[in-house]
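First to last, the sequence lines map onto chains A and B.
0 is the number of the first residue of the first sequence in numbering that gives the first Met the number 0; add one for each residue after it.
0 is the number of the first residue of the second sequence in numbering that gives the first Met the number 0; add one for each residue after it.
Glycine included, C-beta positions come from ideal geometry on N, C-alpha and C.
Computed from a predicted model, the values in this text were never measured in an experiment.
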Amino acid sequence: MLLRHTTAKEIDRKALTINPAKTCQPVGAMYAALGLHGCLPHSHGSQGCCSYHRSALTRHFKEPVMASTSSFSEGSSVFGGSANLVSAIETIFSVYDPEVIAVHTTCLSETIGDDLTQIVSKANEDGKVPAGKKVIYCNTPSYVGTHVTGYANQVSSFVKFFSTATPKKRNVVNLVAGWMEPSDMREIKRIAKEMEARTIMFPDMSDVLDTPLTGHYDMYPKGGTTQADMIATGDSKFSIGIGPYTTEDACIKLENKCKVKFETVEIPIGLKATDKFIMSLSRHANVPVPDSLTEERGRLIDMIADNNKNFYDKRVALYGDPDTLIPLVEFLLTLDMKPVYIVTGTPGKHFDEAMTAMLKEKVPEAKFMSGERADMFRLHQWIKQEGVDMLIGNSYGKYIARDENIPFVRLGFPVMDRPGNNFFPYVGYTGATNLLIKILDAFLDHKDRTCPEEKVELVM
Amino acid sequence: MLWIRYVCVQLNRATVLWTNEKGDTTMIKEVNNSVSVDDLKKFKEEVLHKYPKKVAKKRDKAILLNDPETPPQIQANVRTVPGIITQRGCTYAGCKGVVLGPTRDIINITHGPIGCGFYSWLTRRNQTKPETETDENFMMYCFSTDMQDSNIVFGGEEKLKQAIREAYELFHPKAIAIFSTCPVGLIGDDVHRVARHMKEEIGDGINIFGFSCEGYRGVSQSAGHHIANNGLFKNLIGRDDEKRGDLKYRVNLLGEYNIGGDAFELERVFEKCGINLIATFSGNSTIQKFENAHTADLNMVMCHRSINYVAEMMETAFGIPWIKVQPIGADSTAKMLRKIGQYFGDQELIDKIEEVIADEMVAVTAAREKALKKTNGKKAMLFVGGSRAHHYQNLFEELGMTTLSAGYEFGHRDDYEGRVVIPTIQIDADSRNIEEITVTKDETRYNPRKTEEELKALEAEGMEFNGYEGLMPQMAKGTLVIDDLSHYEMEKLIELYKPDVFCAGIKEKFCVQKMGVPLKQLHSYDYGGPYAGFKGAINFYEDIEMIACTTIWKELKAPWESETYVEAQYAY
Ligand code: SF4
Ligand code: SF4
């Protein structure tokens with residue numbers, strides 16, 4: 000057994016986190032910053048955090064992830080990191096020449112209390128920021144919230160630094176993209192195009208973290224929301240925040256700053272969340288839903304109906320981020336599956352309320368938890384108490400899946416041991432069929448491997 | 000038949016010569032290395048030109064043309080300039096991730112916010128193999144105090160204590176180690192005090208100790224190695240005097256971390272030779288092995304950078320001499336074994352070792368000959384770690400490949416120029432941060448394994464004790480040595496010299512490959528390996544042969560990108 004010390008017996012833990020279902024703010028900020036065209040994320044702290052965050056993102060996307068660091072020393076830790084950041088800004092612009100530097104803090108610079116507003120304005124005053132270039136920033140202390148919070152803070156900073164209202168509103172809907180894969184963002188843009196809606200997506204990691212291999216390396220790939228588009232978001236008539244945890248704050252800021260009304264929807268994972276997203280876009284962009292999408296929806300329904308015997312009543316354990324888990328649980332319920340255990344390290348009332356609302360009647364035995372110590376050790380203990388038929392989450396679940404011999408579907412961040420998450424979307428109706436195929440493959444492969452020989456069948 | 004290989008690398012040309020013990024020579028390979036000194040000079044000029052003045056001045060000292068005879072002085076182990084995209088990580092990563100990470104029966108609690116612990120959770124490929132189904136193994140677990148803002152404001156010591164209580168209640172481990180992350184030092188949490196307190200509170204023979212390895216303390220992982228070495232010596236080494244197993248040929252292997260199963264292969268080789276491996280620091284290790292390590296009679300240092308301090312301390316305290324070894328590459332593995340034979344001076348062992356080498360070399364030679372056909376004459380660059388950029392040059396030499404350029408991510412001057420320069424290395428503020436512990440002769444257990452005369456005699460025979468000559472003497476004249484390579488410099492190197500393979504880590508991997516050059520990860524081995532020892536050498540030959548034979552790199556251009564477009568014409 001790999002996790003041989005995990006037993007069913009829970010104790011009332013008050014301080015120790017074991018096998019976290021979350022990580023820290025800056026990695027989210029770094030990811031989101033890559034969704035702005037020509038942007039170099041900058042980690043203001045010791046170089047270790049930056050190295051860890053770049054590695055985590057690289058292992059997941061299998062793509063170059065560039066970011067610079069203030070490389071704090073003990074001296075900067077005592078006297079503040081202002082000098083480091085100012086000289087970093089100068090070096091970055093002369094060597095790496097980005098359009099924008101997006102600075103985020105780390106635990107270290109936050110604990111010291113570095114004032115980014117002051118430091119960046121000093122860099123500007125000292126002429127370290129070339130004409131036409133920009134330095135933006137956000138605060139991402141990891142002892143508050145999680146990687147999800149960091150993503151949200153970076154997206155909000157885009158609004159703060161770019162979105163501008165002119166007297167003229169445009170017939171455009173902002174799609175504020177929550178933490179999804181580049182493939183998901185590409186798919187959402189395809190749906191919007193199919194509907195002939197005029198949209199601006201931000202951030203947008205497609206064509207940034209799924210670039211072709213050409214023999215030529217572009218530090219700033221062609222993708223990412225452009226500054227011009229980002230500025231224009233202030234003139235859009237409406238914003239749809241896709242994933243409340245990661246986008247609601249940006250939507251509120253945009254409303255306050257530029258009077259752009261908004262609504263948040265869940266990330267369109269599964270049938271109902273996609274329905275809701277499409278209706279929201281249809282209503283706010285004032286475009287009809289084309290038959291092509293209705294047909295895609297029909298194909299998804301067809302597939303669910305055809306395979307329902309493999310889904311019905313199956314007990315599932317899940318862990319990950321609330322913006323993914325909420326629509327995912329909803330989708331599993333659509334499939335008549337039973338999400339019985341759900342944990343997320345990211346705190347927040349919305350998750351608890353959504354779970355209660357969805358599960359109270361349909362799966363009264365379900366256990367869920369969010370925030371501190373809502374970790375994978377706890378989830379595993381629950382599984383030890385009463386088993387499940389499937390596990391869904393990031394790569395760290397493979398140890399539980401192997402020990403308990405349960406089919407395992409990789410979804411979330413980080414997935415470091417299987418490629419392809421930046422290729423095949425999970426959002427939209429087509430994405431939902433991709434996800435169904437993964438779920439079915441996991442079940443059926445497991446059955447083929449583990450059932451008695453006389454039960455192995457060709458047609459399933 | 001035993002084949003020995005000689006490599007003479009001159010400027011622009013490397014000659015590989017194979018000789019068997021009868022003196023027959025075969026397979027003379029000439030490697031034309033098309034890069035000239037002028038080219039390499041051009042590189043330096045181009046790169047420095049781009050940096051702001053102060054930065055250029057600093058980088059100037061870290062980019063050198065090599066001279067193996069009289070290694071030039073390189074700037075190493077100094078702060079990376081803020082804003083530079085570096086390969087380096089932090090002190091915590093070196094301490095928790097590298098040195099202590101591979102030991103399976105310690106509960107390692109990261110005291111800090113969640114991130115640091117999360118990223119060091121299973122991301123280094125330290126394999127471990129408990130002897131039984133029930134042996135303790137916490138490698139798959141991540142333990143963290145997950146500090147929140149209230150802990151930052153009011154201090155985190157109480158939370159840490161409670162976390163230790165809970166870890167003990169759940170798992171009853173023999174030992175718990177605490178690792179400090181950046182905020183811990185700043186808010187004044189004293190992890191050592193907490194360790195002492197909890198050791199007393201829990202009792203039961205538990206060993207609890209802390210590390211002040213806050214990320215900002217050093218310029219790279221290297222400071223963390225040093226801090227970890229100190230902790231190993233203070234808290235573990237020497238606690239168990241019982242001599243287990245065979246009393247002859249007792250050795251320790253230091254600076255081996257069982258990436259991809261390297262330690263398993265080396266364990267196999269030692270066992271085959273009848274050499275009694277007491278402890279490996281720290282691949283596939285347990286606490287008891289550390290506690291018992293001082294009962295060995297020879298320390299072998301593999302990764303000099305990360306563990307030389309332990310070797311030094313054990314020499315001072317217990318009288319165990321150390322030698323530098325490089326069991327990366329079949330020839331240098333054989334060399335290591337012969338050194339052990341020579342050290343113990345026992346004919347039975349020497350014969351056994353020769354028998355093992357001859358036996359292992361059969362498969363090695365076959366694999367090498369097969370790979371050579373594809374790899375001979377190709378060019379490599381290595382930028383990684385604090386020893387691998389040196390050791391892996393052995394393997395490339397065995398493959399008939401030239402190293403054009405190399406450097407460390409966190410090496411010191413002695414790793415480049417040799418330990419002779421240590422007295423001349425300037426101590427700066429960053430090095431002063433690391434606690435220096437004073438080690439003296441252990442009153443009861445100091446026992447010089449060899450007398451002065453015996454050591455002298457062995458030295459006269461060519462053995463070198465407590466020494467390491469560094470990377471530069473092995474690299475050809477005029478090759479380019481670069482410390483703490485930046486992203487920009489890496490791009491330029493590839494643009495200008497298009498190596499056939501570039502060796503670095505995960506952060507560099509995909510960027511280099513986008514440029515059409517295959518990158519071999521030498522931290523994670525691209526999830527292959529082992530690469531150490533004899534079987535490891537075979538794996539490496541195969542993997543580099545695979546890289547040399549991978550055809551997809553030829554398909555980067557779509558047909559319509561290289562042909563002129565001809566509109567189809569139809570006749571009706
Ligand atoms: S630099 Fe500090 S905060 Fe960052 S990973 Fe290292 S210990 Fe953690
Ligand atoms: S110090 Fe903070 S920001 Fe850095 S890795 Fe640790 S938790 Fe993340």
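Contacts with chain B at 9 Å (Cβ-Cβ) do not include residue 389(A). Counting along the chain, no alpha helix (DSSP H) covers residue 196(A), and no H or E run does either.
Interface with chain B (9 Å Cβ-Cβ cutoff): residue 55(A) is included. Residues of the segment 49 to 74 of chain A that bring their beta carbon within less than 9 Å of a beta carbon in chain B comprise 49, 50, 51, 52, 53, 54, 55, 57, 58, 60, 61, 62, 63, 64, 65, 66, 67, 68, 69, 70, 71, 72, 73 and 74, in sequence order.
DSSP places residue 317(B) inside the alpha helix (DSSP H), whose first and last residues are 303 to 317.
Using a CB distance cut-off of 9 Å, residue 113(A) does not count as an interface residue toward chain B. Residue burial is scored here from C-beta neighbours: residue 290(B) has at least 16 other C-beta atoms within 10 angstroms and is therefore classed as buried.
For a Cβ distance threshold of 9 Å, residue set 46, 49, 50, 67, 68 and 70 of chain A lies close to residue 85(B), ordered along the chain. The beta-carbon separation of residue 212(B) and residue 254(B), rounded to 18 Å, does not stay under the 8 Å limit for a contact. If you check the C-beta of residue 55(A) against ligand 1, you find no heavy atom less than 8 Å away. When C-beta atoms of the segment 294 to 304 of chain A are compared with those of the segment 317 to 329 of chain A, fewer than three pairs fall below 8 Å, so the two segments do not count as touching. Residue 169(B) and residue 204(B) have their C-alpha atoms some 17 Å from each other.
Residues of the segment 60 to 85 of chain B with a C-beta atom less than 9 Å from some C-beta of chain A are 78, 79, 80, 81, 82, 83, 84 and 85, listed in chain order. About 17 Å separates the beta carbons of residue 198(B) and residue 104(B), which is beyond the 8 Å limit, so they are not a contact pair. Here the segment 25 to 41 of chain A makes contact with the segment 196 to 215 of chain A; the two share three or more CB pairs at distances below 8 Å.
The Cβ atoms of residue 515(B) and residue 468(B) lie no closer than 9 Å to each other.
Contact annotation: in the segment 119 to 138 of chain B, residues whose CB is within less than 8 Å of a CB in chain A are 119, 120, 121, 122, 132, 133, 135, 136 and 137. In this structure, the straight-line span from the alpha carbon of residue 144(A) to that of residue 183(A) is close to 24 Å. Secondary structure note for residue 279(B): its beta strand (DSSP E) is the uninterrupted segment 275 to 281. Beta-bridge analysis with DSSP links residue 318(A) to 342(A). Neighbours of residue 89(A) in chain B, taken as residues whose beta carbon is under 8 Å from its own, are 51 and 82 in chain order. In this structure, residue 252(A) sits away from residue 264(A), with a CB-CB distance that is not shorter than 9 Å.
For the segment 161 to 173 of chain B, the beta-carbon criterion of a distance under 7 Å to any beta-carbon of chain A is satisfied by 161, 162, 165, 166, 168, 169 and 170. Every beta strand (DSSP E) of 3 residues or more that sits fully in the segment 182 to 217 of chain B is shown, in chain order, as 206 to 210.
Taking the C-beta atoms as reference points, residue 510(B) is found nearer than 9 Å to residue 489(B). In this structure, the C-beta of residue 235(A) stays at least 8 Å away from each heavy atom of ligand 1.
In this structure, the beta-carbon distance from residue 478(B) to residue 39(B) falls below 9 Å.
For residue 25(A), the uninterrupted alpha helix (DSSP H) segment begins and ends at 24 to 32. Between residue 350(B) and residue 167(B), the alpha-carbon positions lie close to 49 Å from each other. Interface criterion met: the Cβ of residue 432(B) is under 9 Å from a Cβ in chain A.
Those residues of the segment 536 to 550 of chain B placed with their C-beta closer than 7 Å to a C-beta in chain A do not exist. Scanning chain A for C-beta atoms nearer than 7 Å to the C-beta of residue 143(B) yields 16 and 19, reported in chain order.
In the three-state DSSP reduction, residue 37(A) falls in the coil class, being neither helix nor strand. For ligand 1, a non-hydrogen atom lies closer than 8 Å to the CB of residue 45(A). Closest in C-alpha terms to residue 259(A), from the list 231(A), 330(A), 272(A) and 285(A), comes 231(A). Nearest neighbour of residue 361(A) by Cα position, chosen from 268(A), 332(A) and 173(A), turns out to be 332(A).
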